[in-house]
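In this note's numbering, the protein residues as written are 1170 to 1649.
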Ligand code: ARG
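(1) Just the C-alpha distance for residue 1635 and residue 1249, rounded to the nearest angstrom, thanks.
(2) Are the beta-carbon atoms of residue 1431 and residue 1358 separated by less than 8 Å?
(3) Do you know how far the Cα of residue 1399 is from the Cα of residue 1392?
(4) Quick one: what does DSSP say residue 1407 is sitting in, helix, strand or coil?
(5) How many angstroms separate the CA atom of residue 1405 from the CA atom of residue 1527?
(6) Can you list, in chain order, the residues of its chain with a C-beta nearer than 7 Å to that of residue 1202? Leave out the 5 residues immediately preceding and following it.
(7) Rounded to whole angstroms, what's the CA-CA distance from residue 1283 to residue 1514? Just pull it up for me.
(8) Taking only runs that begin and end inside the segment 1303 to 1381, name each unbroken alpha helix (DSSP H) of 4 or more residues, in chain order.
(9) Measure from the alpha carbon of residue 1415 to the alpha carbon of each residue in 1603, 1387, 1511, then state which is nearest.
(10) Can you pull the DSSP bridge partners for residue 1534?
(11) Curious, which full-length beta strand (DSSP E) runs of at least 3 residues does the segment 1410 to 1469 contain?
(12) Considering only the beta carbon of each residue, do residue 1412 and residue 1500 sit closer than 8 Å?
(13) Skipping 5 residues on each side, what residues in its chain have a beta carbon closer than 6 Å to that of residue 1561?
(14) Which same chain residues, not among the five before or five after residue 1230, have their C-beta less than 6 Å away from its C-beta?
(15) So, for residue 1639: in the same chain, excluding its five sequence neighbours on each side, which residues have a beta-carbon less than 8 Å away from its beta-carbon?
(16) Is residue 1462 buried or exposed, if buried means 16 or more other CB atoms sit within 10 Å of its CB?
(17) From which residue to which residue does the alpha helix (DSSP H) around residue 1653 run?
(18) Just to confirm the assignment: which complete alpha helix (DSSP H) runs, minimum length 4, are found wholly within the segment 1186 to 1263?
(19) If you count every other CB in all the chains shown that lies within 10 Å of the CB of residue 1673, and 16 or more means buried, which is it?
(20) Tell me the rounded alpha-carbon separation between residue 1183 and residue 1305.
(21) For a test of the three-state rule: what should DSSP assign to residue 1560, helix, strand or coil?
(22) If you compare alpha carbons, which of 1572, 1351, 1458, 1237 is closest to residue 1263?
(23) State the Cα-Cα distance for the pair residue 1295 and residue 1265, rounded to the nearest angstrom.
(24) Is it true that the CB of residue 1380 sits closer than 8 Å to the CB of residue 1417?
(25) Rounded C-beta distance between residue 1457 and residue 1468? I'm assuming under 8 Å.
(26) CB of residue 1444 to nearest heavy atom of the ligand ARG: below 7 Å?
(27) Give the straight-line distance between the Cα atoms of residue 1181 and residue 1192, rounded to the nearest whole angstrom.
(28) List the whole-angstrom C-beta distance separating residue 1310 from residue 1529, where the pair is believed to meet the contact cut-off of C-beta under 8 Å.
(29) Quick one: residues in its chain with C-beta nearer than 7 Å to the C-beta of residue 1632, no 5 flanking neighbours on either side, listed in chain order?
(30) Grab me the residues of residue 1242's own chain with a C-beta within less than 6 Å of its C-beta, minus the 5 sequence neighbours each way, in chain order.
(31) From what residue to what residue does the alpha helix (DSSP H) around residue 1590 run?
(32) How is the alpha helix (DSSP H) around residue 1395 delimited, first residue to last?
(33) May I ask you to report which of helix, strand or coil DSSP gives residue 1294?
(34) Measuring only the C-alpha atoms, how far is residue 1234 from residue 1373?
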């Protein structure tokens, strides 16, 4: 084959325009899935031999040539020819240079089912890689949670947590909560991301190979054989749908966007906590940046970028949805626009996850500042009301009693603790709650009590172990 020729030049008179090539060629970005394209071709050649469309020698020659091309591409020795418009063209052109059997490789196949196959394989392993990275961040959060706990069950229950901070609603101090409780909250959100990533991986795990351009083939192909060869869990049911379906890319991008949103919430919180106003966290120098003008500055750029990257991930999802909307069946070149957002989203998520792991691994949480902020007696107001409830007072009434004492204290009558102690409805036992905010007493499921945090941490550890198995599964990652 003339190496400046495209796969389709037979029908055309002149050469394609440079502006067309610049717009149309996808090799600059889809070369990234060369391993998956080659795996698809190997499976296809194996199937062609099994059904008698090529000989066993031709299959072996094709597989050997595919190995050579893979090694050339992996090692950087591969030289693209002017006619290589995409990875499929490039691989087939080079295989045909190596063996005359190359001319039979595309038997019963179109780039339409070929590209869908390669991208599904790529997506499957990329999602495995991202989920593995999410598990690493969850492990870091678990370590942070452990570090924020004192030894459990050592008597002085109220003080069993090394670090307690105010929990916020409306960014106003609400209840005191153990820092471990807060870290684990992010950890559980990420557990849902692992679920979503695995669900998207399951949806990608369907073989479209054998659908041809859109209508299948008159040749006796065996699509179930290629599906098995490639380790796909399922096989397409409709050849038109098989080549035009990019739902799996949208599913992956949604899972990645939602993950990005969780990372952005972690990032935003760290930005706020790193401010002098909060002073809840000190970032390690290796994970902070300076200012070119203001020598005193230490900036939380990692956390800010974690916050910002969500915008990009959401953009990748909405961009693809707009491409897919209104596309008539079956394949159209619009579908070539699926790859860059997907590649970018996977790279962005992985970059952000790794940086957040480093940031959290090395950050110092300011126990004293947090405890000080959490020590406002007013944070015990709900605990006081609940104490009254436990003594038989209806909650509404209890709310009013405590509100009145808080109001008098705020007006300067006396400290809340003394007012509570002196109040006939409350008294010294209730005053204890003011002196030691009752986070340790919240024993309801998933709450901040000592026993509950210990149980929750065990549940989280078990969840991480189960998810590591689910992620590990059959699809090892080669998305690097
Ligand atoms: N590079 C193309 C893509 O990414 C491959 C499929 C081309 N198919 C075609 N009929 N032109 O979608």
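In this text, a Cβ means the ideal position worked out from N, Cα and C, and glycines have one as well.
For this structure:
(1) So the two alpha carbons sit approximately 44 Å from each other.
(2) Yes; because the gap between Cβ atoms is below 8 Å, this pair is in contact.
(3) 11 Å
(4) Of the three classes helix, strand and coil, the one that applies to residue 1407 here is coil, per DSSP.
(5) 42 Å
(6) 1256, 1287, 1288, 1291
(7) Taking the straight line from one Cα to the other gives about 22 Å.
(8) Given a length threshold of 4 residues, each whole run of the alpha helix (DSSP H) inside the segment 1303 to 1381 is given here in chain order: 1348 to 1373.
(9) Of the listed residues, the one whose Cα sits closest to residue 1415 is 1511.
(10) 1450
(11) Counting only runs of 3 or more, we get nothing.
(12) yes
(13) none
(14) 1268, 1270
(15) Here the set comprises 1363, 1367.
(16) Answer is exposed; the Cβ neighbour count stays below 16.
(17) Residue numbering for the chain in the displayed model covers 1170 to 1649; residue 1653 lies beyond these limits and cannot be assessed.
(18) Fully enclosed alpha helix (DSSP H) runs of no fewer than 4 residues occupy 1187 to 1193, 1196 to 1199, 1203 to 1219, 1225 to 1244 of the segment 1186 to 1263, in order along the chain.
(19) Lying before the first or after the last residue shown, residue 1673 is absent from the chain, which here runs from 1170 to 1649.
(20) 54 Å
(21) coil
(22) 1237
(23) A direct Cα-to-Cα measurement between residue 1295 and residue 1265 gives close to 30 Å.
(24) no
(25) 6 Å
(26) no
(27) Straight-line Cα distance between these residues: approximately 19 Å.
(28) 7 Å
(29) Spatial neighbours of residue 1632 in its own chain (CB-CB distance under 7 Å, excluding positions within 5 residues in sequence) are listed in chain order as 1360.
(30) The answer, listed in chain order, is 1203.
(31) 1585 to 1591
(32) For residue 1395, the uninterrupted alpha helix (DSSP H) segment begins and ends at 1392 to 1398.
(33) helix
(34) 28 Å
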